[in-house]
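Q:
Chains as they are written, first to last, in our numbering: chain A, 2 to 473; chain B, 2 to 473.
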């Protein structure tokens, strides 16, 4: 989906006009910012010292494509801290359901589906975090033209996300000069580099740094269909999940298959692999699945499954996703988050089947974007929890290896509190970080390690090693 | 180390003479059995309903090669239950230190090194367990001729273990007719099939079923140097522990190397791999190492390390081995276990460096023995904890694949309490069982799953599946 330069320029000009039109046609931005401020949430039995905001931004007026966001300021001194946009994958999954509510956000949901508890490893300890439900049809994001939900794809998502950001910075002009970074996981392995590319092109076309993009970081990210599948087959075999024969047949029958459109024979061997795995949580190999909904979980790893939909980890509640469903369908919660009653979904879902099954365009690889953006000097980090079967560490290794980047700093273990947190290698233009014992949703399974990771990424330093820690 | 039939016959005849000589020259067997009975152990603040015995059996009179055993009767109805011999590896490691004290035995040691707690998953719930420290120089086993500790190897170990068993059954004749099975892990991947082969040959040569051997079961077992190394390199890469370059160089420089005598270039790349891994417990990838002794644990996976020496898992104490060292060096404990003051080691060790570094013969593969014994109809099970880096699941898969056995029952998940306990495949003559989330010492890391495993092995049934469980 790489766009031609001239085509993008026209698009950028249109965007500018659209942005101006908007700023005159609605409430003044700062007033809308004020209106978006969220008070105490239902079930929030603790105080918070930071401000947070939730609301909508219309990214296309004609169809009324409107994206829902939740912006959470940093715990301390937000104006000096970077701004991080977090995107979940699917396609079709809500960043509020996953990113905010069970991964990096400050408000995590108790099993009663009514009350909240603070996440001590919230990324707003080190950054302002912006959660975006994208594209339309995801979470509380909507379109006035329902048929648009049947026409989502990578291309329009990147464009809509860019418009969203331009307008969001109008509403929150005080964050224009902060360092801006994008992060996400799973299918956001497409969204994040694609949006980064769109920003770089927009900035270049308009000859101004409209968005102060400094870099991006993705985890267990869909990157390249060939490497992702090759790595998945290998990881399933080397972890002991599938038979020798199934491993051979997956490699034979699914070789170079598109994730979107696998052949019949590839689908058939996937069915066999699926049965061999048994009732595990493929997003986290060593933790129990949520038994509250056996039918959903017995689906396991299937090509037709959403990538990054579940993600559930014995210090941890495997049913987190279900608590979100209860909480965000409560009318009082929707009111508190300024959800528009005229546009709210009949039932709020963590992931939209409509969006997923009607996805239009998905390039087989985004490695070309990595090449382009590495050349631009963006800070690019790629991390991987090494107990994820869906987009395993092997997949990511194959993709990074294909980039053929020179090594700056050799492979080594990194440490947190004196324990190996994982492994890391710094390449020219890209830093790779493995998080030991984390599944598909790294901040869910290893919240403390994930906070160390984002802190280090934002600081632009190297992952901590044992010597530095013991002398610090 | 396959022995010729005629050579073995002479050996067997000598054994018989030796056995007769012994039975007339010492205490009557039943008297010695009575003398070996162990009372309440120091620090045992709980009652047990079963009997247990500890003592010595001299396997070669001239040099005074004498092996120490600890025999623990089944919790209930021991005479109707099978007898399982358990062997640890190294070479040089004590079955009492590992098998009894932190894996399958009923007496586990508290961190104070003084008191014991009962192991609720002790294998004496389903079998009588015989722990043997073998060969001489291991644990409390000794030789009157110290130079013999410099001449241990697979060959003599198998012979001495056979003599031990013949004499042990003289002392415990009430167990002669019980089903006899052998189990063990790590380097016992050599000992167990080698001893099984020796028993089969002895029974055949003497034309009597002197030892009622029914089968064996090994876990994370050294089996075939080529496959074991190939699998280890692959597992280290696919788990994200080593760099791409180191992975390539290990395969290049250590290809077909002997584990005992690696080349200089292979050793060098091992040193690099070792550093890349960092301070993890290679015997259990996702659990913290014991920080009580950093120098020992920073050694990590090295070719010169003992195989199966450590083995330490967060519901679990990583310093178990250290508690054994304290406990078994206590004079009152040694007295309770009938340790001979004239022959006790200056310091009791969990693993002997002298034995390990002076090991003489170690065949590169025992797959030929598998072929031979499968043909004999022995029940053979092979299991693997899939978080062990030292002899990982990939190694065992390569070795089993090399046996080219027909499949009887296809690959599937097995279940314990409704959760996936691992995966299994039944071949003609061999059953393979993976234990999910277990390290090198499966019964240490996953005690409940290990008890299910041995119970199923002894029953001769298939590993439980979900349907069977939910209807039972």
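The C-beta atom is built at its ideal place from N, Cα and C for all residues, glycine as well.
Can you find the residues in the same chain that come closer than 6 angstroms, C-beta to C-beta, to residue 190 of chain B, ignoring five residues on each side of it along the sequence?
A: Contacts found: 219, 222, 223, 224.
Q: Taking residue 136 of chain A as the reference, which of A:230, A:38, A:423, A:67 has the closest Cα?
A: Checking every option, the nearest Cα to that of residue 136 of chain A belongs to A:67.
Q: Check the C-beta distance from residue 338 of chain A over to residue 60 of chain A and give it rounded, since I have them as a contact under 8 angstroms.
A: The Cβ separation is near 19 angstroms, so there is no contact.
Q: Relative to chain A, which residues along the region 441-471 of chain B have a C-beta separation below 7 angstroms, given in chain order?
A: Answer set for the region 441-471 of chain B: 467.
Q: Pick helix, strand or coil for residue 382 of chain A, following the three-state DSSP scheme.
A: Residue 382 of chain A: strand per DSSP, three-state reduction.
Q: Return the CA-CA distance between residue 467 of chain A and residue 276 of chain B, expressed in angstroms with no decimal places.
A: Those two C-alpha atoms are separated by around 12 angstroms.
Q: Kindly give me the distance between the Cβ atoms of residue 244 of chain A and residue 426 of chain B, rounded to whole angstroms, as I take these residues to be in contact under 8 angstroms.
A: Residue 244 of chain A to residue 426 of chain B, Cβ: 6 angstroms. Contact.
Q: Could you list which residues in chain B have their beta carbon closer than 8 angstroms to that of residue 414 of chain A, in chain order?
A: The answer, in chain order, is 277, 278, 279, 280, 281.
Q: For residue 392 of chain A and chain B, any beta-carbon pair shorter than 7 angstroms?
A: No - not a single Cβ of chain B is within 7 angstroms of the one on residue 392 of chain A.
Q: Measuring CB atoms only, is the region 415-423 of chain A touching the region 434-450 of chain A, in the sense that at least three cross pairs come out at less than 8 angstroms?
A: Counting Cβ pairs under 8 angstroms, three or more are found: they touch.
Q: Relative to the C-alpha of residue 210 of chain B, which candidate in B:132, B:178, B:246 has its C-alpha closest?
A: Looking at the Cα atoms, B:178 is the closest of the given residues.
Q: Can you tell me the Cα-Cα spacing of residue 12 of chain A and residue 75 of chain A, whole angstroms?
A: In this prediction, residue 12 of chain A has a pLDDT of 42, which is less than 50 and means its spatial position is unreliable; what the coordinates show is noted afterwards. Answer to the nearest angstrom: the Cα atoms are 33 angstroms apart.
Q: Identify whether residue 162 of chain B lies in helix, strand or coil by the three-state DSSP scheme.
A: Helix at residue 162 of chain B.
Q: Should residue 77 of chain B go down as buried or exposed, given a rule of 16 or more other Cβ atoms within 10 Å for buried?
A: Exposed: under 16 other Cβ atoms inside 10 Å.
Q: Spatial neighbours of residue 464 of chain A within its chain, please: CB distance less than 7 angstroms, with the 5 preceding and 5 following residues excluded, ordered by chain position.
A: Hits under 7 angstroms: 415, 425, 434, 457.
Q: Is the Cβ-Cβ distance between residue 138 of chain B and residue 353 of chain B less than 7 angstroms?
A: Cβ distance < 7 angstroms, so residue 138 of chain B and residue 353 of chain B count as in contact.
Q: So which residues of chain B does residue 395 of chain A contact, with C-beta pairs closer than 7 angstroms?
A: 239, listed in chain order.
Q: Rounded to the nearest angstrom, how far is the Cβ of residue 383 of chain A from that of residue 401 of chain A, given a contact under 8 angstroms?
A: Contact flag correct, Cβ pair sits at about 6 angstroms.
Q: Could you list which residues in chain A have their beta carbon closer than 7 angstroms to that of residue 411 of chain B, in chain order?
A: Simply 244.
Q: Give a yes or no on whether the C-beta atoms belonging to residue 493 of chain A and residue 159 of chain A are separated by under 7 angstroms.
A: Nothing about residue 493 of chain A can be read from this structure; chain A reaches only from 2 to 473.
Q: For a minimum of 4 consecutive residues, which ranges assigned as the alpha helix (DSSP H) are wholly contained in the region 67-118 of chain B?
A: If we require 4 residues or more, the region 67-118 of chain B turns out to have no alpha helix (DSSP H) run fully inside it.
Q: Which chain A residues are close to residue 424 of chain B, counting only those with a beta carbon under 9 angstroms from its beta carbon?
A: Going along chain A in sequence order, the residues near residue 424 of chain B (Cβ under 9 angstroms) are 241, 242, 243, 244, 277, 278, 279.
Q: DSSP puts residue 425 of chain A in a beta bridge; with which residues?
A: According to DSSP, residue 425 of chain A bridges with A:413, A:434.
Q: Just to confirm the assignment, what range does the beta strand (DSSP E) spanning residue 348 of chain B have?
A: Note, residue 348 of chain B: premise wrong, no beta strand (DSSP E); not H, not E.
Q: Would you report the Cα separation of residue 62 of chain B and residue 70 of chain B, rounded to the nearest angstrom?
A: If I take the Cα positions, the gap works out to 17 angstroms.
Q: Whole angstroms are fine: how far does the CA of residue 368 of chain A sit from the CA of residue 459 of chain A?
A: Spanning the two alpha carbons is a distance of roughly 23 angstroms.
Q: In terms of residues, what are the limits of the beta strand (DSSP E) holding residue 53 of chain A?
A: Start and end: 53-61.
Q: Can you have a look at residue 257 of chain A and say buried or exposed, based on whether 16 or more other CB atoms are within 10 angstroms of its CB?
A: By the neighbour-count rule (16 or more Cβ atoms within 10 Å), residue 257 of chain A is not buried but exposed.
Q: At the 7 angstroms Cβ level, is residue 436 of chain A part of the contact set with chain B, yes or no?
A: Chain B, which has no Cβ nearer than 7 angstroms to the Cβ of residue 436 of chain A, makes this no.
Q: Taking only the alpha-carbon atoms, compute the straight-line gap between residue 105 of chain A and residue 455 of chain A and give it to the nearest angstrom.
A: Rounded to whole angstroms, residue 105 of chain A to residue 455 of chain A spans 10 angstroms at the Cα level.
Q: Starting from residue 130 of chain B and walking both ways along the beta strand (DSSP E), at which residues does that stretch end?
A: Start and end: 129-134.
Q: I'd like to know if the region 344-362 of chain B and the region 90-102 of chain B are in contact, where contact means that at least 3 CB-CB pairs between them fall below 8 angstroms.
A: Cβ pair count under 8 angstroms is three or more, so yes.
Q: Does the beta-carbon distance from residue 1 of chain A to residue 147 of chain A come in below 7 angstroms?
A: What the structure shows of chain A is the stretch from 2 to 473, and residue 1 of chain A is not part of that stretch, so it cannot be assessed.
Q: Residue 291 of chain B and residue 319 of chain B - do their beta-carbons sit closer together than 7 angstroms?
A: Cβ atoms of residue 319 of chain B and residue 291 of chain B: closer than 7 angstroms.
Q: Assuming residue 111 of chain A and residue 446 of chain A form a contact by the criterion Cβ under 8 angstroms, report the distance between their Cβ atoms to the nearest whole angstrom.
A: Incorrect: roughly 19 angstroms between the Cβ atoms, too far for contact.
Q: Please work out which residues of its chain come closer than 7 angstroms, Cβ to Cβ, to residue 238 of chain A, disregarding the five sequence neighbours upstream and downstream, and give them in chain order.
A: Taken in chain order, the residues that qualify are 248.
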